[in-house]
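Scroll down for the structure; my scribbles are underneath it.
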Amino acid sequence: MLSAAFAIEKKGIDSDMKVLLVNGSPHEHGATYTAMTVIAESLAAEGIESEIFWIGNQAVGGCMGCGYCRKEKRCVRNDSVNELSPRLAEFDGFVFGSAVHYAASSGALSSFMDRLFYMNSFAMRFKPAASVVSCRRGGATAAFDEINKYFTISEMPIVSSNYWNQIHGSNAEEAMQDTEGVQTMRLLGRNMAYVIKAFAAAKEAGICPPEREKKTMTNFIR
Ligand SMILES: Cc1cc2nc3c(=O)[nH]c(=O)nc-3n(C[C@H](O)[C@H](O)[C@H](O)COP(=O)(O)O)c2cc1C
Numbered sequence: 283m284l285s286a287a288f289a290i291e292k293k294g295i296d297s298d299m300k301v302l303l304v305n306g307s308p309h310e311h312g313a314t315y316t317a318m319t320v321i322a323e324s325l326a327a328e329g330i331e332s333e334i335f336w337i338g339n340q341a342v343g344g345c346m347g348c349g350y351c352r353k354e355k356r357c358v359r360n361d362s363v364n365e366l367s368p369r370l371a372e373f374d375g376f377v378f379g380s381a382v383h384y385a386a387s388s389g390a391l392s393s394f395m396d397r398l399f400y401m402n403s404f405a406m407r408f409k410p411a412a413s414v415v416s417c418r419r420g421g422a423t424a425a426f427d428e429i430n431k432y433f434t435i436s437e438m439p440i441v442s443s444n445y446w447n448q449i450h451g452s453n454a455e456e457a458m459q460d461t462e463g464v465q466t467m468r469l470l471g472r473n474m475a476y477v478i479k480a481f482a483a484a485k486e487a488g489i490c491p492p493e494r495e496k497k498t499m500t501n502f503i504r
């Protein structure tokens, strides 16, 4: 039984390469979603399918640090995080997006990503990733940095555009008027398609991701 209302929307064409876009806004079809549709169209133009996963507008509980997921490979909170986690292996690239809330990502996305990455970031290792943010006016780069930090601790290469991935506006209509933001998203989709294809070609040529190393954890104790 899922506690959060969420939605999955398939975009583009059927192909063997697929990108997951996680919409962390409380608005299913708001500014963040609009940015994601531009990325999805751009990916489709390059022959890559995508899926938009809306985390919903119900409360997403935070990580309790209980360790249940380490043993059971699922979260003790049975919600949309458990729905998505086993599907991560299906995707070749990831975009996580949020509305800016007080110069940060939404509280719901932050909780969602804490639990998803703690439980199963391995399934996304060496898959290209990008964060996108939408805001009315300010705080975009702080939220952008925050989301990128999940990727840089998970050995996920970050794909960029010709500006930090932000779109401005309070809703879908306003976001589409931000033509620079729209271009940023369009190029981001194109660049992600290129990186995904380059990785696939490398794999064909026998160049595979480096072996995973066991993590050394010193906890600042000497
Ligand atoms: C709780 C809350 C906090 C917000 N904080 C900011 C902010 O710090 N900076 C800003 O420019 N807009 C802020 N906004 C406005 C949203 O970021 C903006 O409307 C965004 O584009 C909405 O995207 P969405 O339609 O995908 O939800 C805030 C909105 C809410 C509800």
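Quick note on my numbering: the sequence shown kicks off at 283 and runs consecutively. All residues carry an ideal CB built from backbone N, CA and C; glycine is no exception.
Contact between the segment 336 to 356 and the segment 373 to 386 is absent: fewer than three C-beta pairs spanning the two stretches fall below 8 Å.
When K497, S324, L391 and C417 are compared, the shortest CA-CA separation from E456 is found for C417. Taking 6 Å as the cut-off, the C-beta of A313 counts as close to a heavy atom of ligand 1.
Of the candidates D298, V477, N360 and V382, V382 places its Cα closest to the Cα of N447. Inter-residue distance for L303 and S332 is about 7 Å (C-alpha atoms, whole angstroms).
The Cβ neighbour count for D460, taken over all protein chains shown within 10 Å, is at least 16; the residue is labelled buried.
A483 sits away from I440, with the two beta carbons spaced by 7 Å or more.
In this structure, the CA atom of A390 is about 33 Å from the CA atom of E493.
Beyond the five residues adjoining it in sequence on each side, C348 comes within less than 8 Å, by CB distance, of V358 in the same chain, given in chain order.
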